Amino acid sequence: DAGVIQSPRHEVTEMGQEVTLRCKPISGHDYLFWYRQTMMRGLELLIYFNNNVPIDDSGMPEDRFSAKMPNASFSTLKIQPSEPRDSAVYFCASRGPGEQPQHFGDGTRLSIL
Amino acid sequence: GQNIDQPTEMTATEGAIVQINCTYQTSGFNGLFWYQQHAGEAPTFLSYNVLDGLEEKGRFSSFLSRSKGYSYLLLKELQMKDSASYLCAVRDGDYKLSFGAGTTVTVRA
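So the protein sequences, as listed, match chains A and B.
Reading the first sequence from the start, the letters are residues 12 to 124 in this note's numbering.
Reading the second sequence from the start, the letters are residues 7 to 115 in this note's numbering.
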């Protein structure tokens with residue numbers, strides 16, 4: 012079975028550029044989560060969706076960050092404009108209903124120069 | 007919100023046992039998870055506790071005491087491949103996970 016699929020795996024870009032991260036959750040999972048991981052702050056929840064609807068975006072750091080889930084099989088996290096402090100590994104995770112655990116994608120390693 | 011504490015680092019010898027403690031303070035509790043994360047990789051699910059007691063899964067066991075806000079992950083018969091970061095995560099009433107900073111376990115030959 013395919014797991015959570017994220018793209019790109021690595022992204023290096025200059026500050027000020029727009030960055031779009033993509034995620035395909037596991038088929039049948041109705042929850043999707045976006046996390047950011049850094050050495051300083053660990054793994055932080057940015058936003059999560061249930062049935063394609065954003066439920067809690069309180070972890071989104073500022074207006075430069077936005078996330079969408081146009082359908083059950085695709086989500087994007089966009090940063091515009093990007094800044095060096097946005098450099099981190101961004102993970103997408105999904106889970107099914109009930110007590111199921113979250114399953115993580117391989118992450119996108121983002122470097123903003 | 008959640009406040010989750012776990013040791014930063016632990017070192018043990020191959021074949022030995024290591025216990026990673028996790029204490030938490032939470033405004034709502036709906037289960038505790040342990041994840042393993044190898045360097046440069048994604049976290050992978052290890053165990054889940056929602057009721058008090060011990061859950062055993064092969065070489066790994068996890069314990070929960072809700073009244074004490076305490077859990078531990080027990081790794082037995084340590085192997086070199088168990089060298090990784092172990093993340094304690096608490097799920098609140100809204101099904102959000104809050105993660106601890108992680109415990110880096112180093113297994114030495």
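Where a beta carbon is used, it is the ideal one built from N, C-alpha and C, also for glycine.
Quantities reported herein were computed from a predicted structural model and do not represent experimental measurements.
(request) Tell me whether R81/A is buried or exposed, calling it buried when 16 or more other Cβ atoms sit within 10 Å of its Cβ. (result) Position 70 of the first sequence, counted from the first residue, corresponds to residue 81/A. In the sequence on display, residue 81/A carries Pro and not Arg. Residue burial is scored here from C-beta neighbours: P81/A has fewer than 16 other C-beta atoms within 10 angstroms and is therefore classed as exposed.
(request) Express the C-alpha separation of E20/B and I16/A in angstroms, rounding to a whole number. (result) Here residue 16/A corresponds to residue number 5 of the first sequence, with the count starting at 1. Here residue 20/B corresponds to residue number 14 of the second sequence, with the count starting at 1. About 34 Å.
(message) Checking 8 Å against the spacing of the C-beta atoms, do I10/B and G106/B come in under that value?
(response) Translated into the one-based positions of the second sequence, residue 10/B becomes position 4. Translated into the one-based positions of the second sequence, residue 106/B becomes position 100. The Cβ atoms of I10/B and G106/B lie closer than 8 Å to each other.
(request) Determine whether the Cβ of Y59/A lies closer than 8 Å to any Cβ atom of chain B. (result) As a first step, residue 59/A must be located in the first sequence, where it is residue number 48. A Cβ of chain B is located within less than 8 Å of the beta carbon of Y59/A.
(message) Beta carbons nearer than 8 Å to chain A: which residues of the segment 48-70 of chain B have them?
(response) For the segment 48-70 of chain B, which is checked against every Cβ of chain A, the residues closer than 8 Å are A48, P49, T50, F51, Y54 and V56.
(request) Counting only the same chain and skipping the five closest in sequence on each side, list residues whose C-beta sits under 8 Å from that of Q43/B. (result) Position 37 of the second sequence, counted from the start, is the residue given in the question as residue 43/B. So the list reads P49, T50, A90, S91, Y92, L93 and G108, once near-sequence residues are dropped.
(request) Sort out for me which residues DSSP pairs E15/B with in a bridge. (result) Taking the first residue of the second sequence as 1, we reach residue 15/B at position 9. As computed with DSSP, E15/B is found in a beta bridge with T110/B.
(request) Kindly give me the distance between the Cβ atoms of Q25/B and Y78/B, rounded to whole angstroms, as I take these residues to be in contact under 8 Å. (result) By one-based count along the second sequence, residue 25/B stands at place 19. By one-based count along the second sequence, residue 78/B stands at place 72. That pair is a contact at about 5 Å.
(request) With a 10 Å radius around its C-beta and 16 neighbouring C-beta atoms as the bar for buried, classify T17/B as buried or exposed. (result) On the second sequence, residue 17/B is found 11 positions in, with the first residue counted as 1. In this structure T17/B is exposed. Its beta-carbon is surrounded by fewer than 16 other beta-carbon atoms within 10 angstroms.
(request) Enumerate in chain order the residues of its own chain whose CB-to-CB distance from P108/A is below 7 Å, with the five nearest sequence positions on each side excluded. (result) Working through the first sequence from its first residue, we reach residue 108/A at position 97. Counting only Cβ-Cβ distances below 7 Å, and skipping sequence neighbours, we find D41.
(message) Strictly below 9 Å CB to CB, what residues from chain B border G53/A?
(response) Sequence index remark: in the first sequence, residue 53/A carries index 42 (1-based). What G53/A touches in chain B: L93, F105, G106, A107 and G108.
(message) With a threshold of 8 Å between beta carbons, is L56/A in contact with chain B?
(response) As a first step, residue 56/A is located in the first sequence; it is residue number 45 there, counting from the start. So, interface residue.
(request) Please name the residue, chosen from T14/B, Y30/B and K87/B, that lies closest to D98/B on a Cα-to-Cα basis. (result) Locating residue 98/B in the second sequence gives position 92, counting from the first residue. For D98/B, the nearest C-alpha among the options comes from Y30/B.
(message) Mapping the DSSP letters down to three states, classify P81/A as helix, strand or coil.
(response) Looking up residue 81/A in the first sequence gives position 70. Residue state, collapsed to three classes: strand.
(request) Determine the DSSP secondary structure at D97/A, reduced to helix, strand or coil. (result) Taking the first sequence and counting its residues from 1, one reaches residue 97/A at position 86. Secondary structure of D97/A (DSSP, three-state): helix.
(request) Could you spell out where the beta strand (DSSP E) holding V24/B opens and where it closes? (result) What you label residue 24/B is simply residue 18 of the second sequence in a count that begins at 1. According to the DSSP assignment, V24/B belongs to the beta strand (DSSP E) that extends over V24 to T32.
(request) Just the C-alpha distance for E22/A and G59/B, rounded to the nearest angstrom, thanks. (result) To locate residue 22/A, count along the first sequence from 1; it is residue 11. To locate residue 59/B, count along the second sequence from 1; it is residue 53. Roughly 44 Å separates the two Cα atoms.
(request) Measure the Cβ-Cβ separation of I37/A and S105/A and say whether it is below 8 Å. (result) Working through the first sequence from its first residue, we reach residue 37/A at position 26. Working through the first sequence from its first residue, we reach residue 105/A at position 94. Contact: yes.
(request) Taking only the alpha-carbon atoms, compute the straight-line gap between F39/B and Q111/A and give it to the nearest angstrom. (result) Residue numbering aside, residue 39/B sits at position 33 when the second sequence is read from its first letter. Residue numbering aside, residue 111/A sits at position 100 when the first sequence is read from its first letter. Spanning the two alpha carbons is a distance of roughly 11 Å.
(request) For G37/B, go through chain A and note every residue whose CB falls closer than 8 Å to its CB, in chain order. (result) Position 31 of the second sequence holds residue 37/B. Chain A residues near G37/B: E110.
(request) Check whether the Cβ of D11/B lies closer than 8 Å to any Cβ atom in chain A. (result) Counted from its first residue, the second sequence places residue 11/B at position 5. Not one beta carbon of chain A lies nearer than 8 Å to the beta carbon of D11/B.
(request) Would you mind working out which of R114/B, P13/B and G34/B sits nearest K102/B, comparing C-alpha positions? (result) Here residue 102/B refers to the residue found at position 96 of the second sequence. Ranking R114/B, P13/B and G34/B by Cα distance to K102/B puts G34/B first.
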